[in-house]
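Dropping the structure here:
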C-alpha cells in the first residue's frame, strides 16, 4: 500500500487543491505526465472552433445545445486522462459520497481508457481519411459549404483546430499503458 496515495488531501487555496489533486503519484514517468496533460489541449482547439458556430444566426436552440454539450463532454472526457497519472485515478476523492477513499480497481480505469483510445484513434483516422478523399464518414460527398471547401484562412483554421484530434487516441493509449504498468507494479 502506498502511503502517499492514502493520505487525505487538504488545501487552503484553490491552487493548493489543484496541485494536490493533479500532481502525479509516485512512479509516473515524466513522459506519461506530459502526455496526460497534453490530451485536453488536443481537444480544446476543436471545441473553440465549434462554439462560435453554435451561436450563428441560423442556428436553432437544439443545435446550440448539441454543440455546447458536445464541446463540454469532449473536454471533460479528455480531462479524465489526467486521472491516469493523478491520485484521483487510484483513490476515489473524498468529496464523492459513499465511495470516498476507496481504491479504484486498475481494470475499472484500464478497460474504458483502452476502449476509448481504440475508438478515438479509429474515429479520427477514418474522419481524416474520408476528409482527404472528399467524402463524409457515411461516404457522401462533402458539402460545398464545409469549411475546408472555402479555402484560405477558414480552411487553415479548421485544419489547425481539428488535426490535433488525431493525437487524442494515441496519447490516451500511451498514458493508459503507463497506468496499467504502474498499477501492476504497485499491486
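In the UniProt record's numbering, the protein residues as written are 1 to 187.
Here a beta-carbon is modelled for each residue, glycine too, at the ideal position from N, C-alpha and C.
These numbers come from a predicted model, not from an experiment.
Tell me which residues share the same chain as residue i and place their Cβ nearer than 8 Å to its Cβ, disregarding the 5 neighbours each side in the sequence.
{"i": "residue 45", "result": "160, 161, 162 and 164"}
{"i": "residue 117", "result": "169, 170, 172, 173 and 176"}
{"i": "residue 184", "result": "106"}
{"i": "residue 147", "result": "154, 155, 157 and 158"}
{"i": "residue 142", "result": "131, 134, 135, 136, 148 and 149"}
In the DSSP assignment, find the alpha helix (DSSP H) that holds residue i and state where it starts and stops.
{"i": "residue 75", "result": "61-79"}
{"i": "residue 33", "result": "30-54"}
{"i": "residue 13", "result": "That residue, residue 13, is in no alpha helix (DSSP H); it is neither H nor E in DSSP."}
{"i": "residue 164", "result": "From DSSP, residue 164 is part of no alpha helix (DSSP H); its letter is neither H nor E."}
{"i": "residue 147", "result": "147-150"}
Based on Cα-Cα distance, which residue from the options lies nearest to residue i?
{"i": "residue 171", "options": "30, 25, 36 and 112", "result": "36"}
{"i": "residue 181", "options": "14, 26 and 155", "result": "26"}
{"i": "residue 134", "options": "100, 29 and 149", "result": "149"}
{"i": "residue 75", "options": "43, 61, 91 and 92", "result": "43"}
So what does residue i bridge to, in DSSP terms?
{"i": "residue 103", "result": "91"}
{"i": "residue 24", "result": "86"}
{"i": "residue 141", "result": "135"}
What does a CB cutoff of less than 7 Å around residue i pick up in its chain, not counting 5 residues either side in sequence?
{"i": "residue 3", "result": "Residue placement at residue 3 is poorly supported in this model, since its pLDDT is 44, which falls under 50; the coordinates still yield a value, given next. Correct list: empty, nothing qualifies."}
{"i": "residue 54", "result": "63, 64, 67 and 68"}
Can we count residue i as close to the ligand PLP, meaning its CB is less than 7 Å from some heavy atom?
{"i": "residue 61", "result": "Ligands displayed in this structure: none; no statement on the ligand PLP is therefore possible."}
Quick check on residue i: does DSSP put it in helix, strand or coil?
{"i": "residue 129", "result": "helix"}
{"i": "residue 119", "result": "helix"}
{"i": "residue 175", "result": "helix"}
{"i": "residue 57", "result": "coil"}
Going by beta carbon distance, what residues of the same chain come within less than 6 Å of residue i, once the five residues before and after it are set aside?
{"i": "residue 6", "result": "Its pLDDT being 47, under 50, residue 6 is placed unreliably by the model, and the measurement read from it follows with that caveat. Result list for residue 6: empty, nothing under 6 Å."}
{"i": "residue 32", "result": "85, 175 and 178"}
{"i": "residue 81", "result": "36, 39, 172 and 175"}
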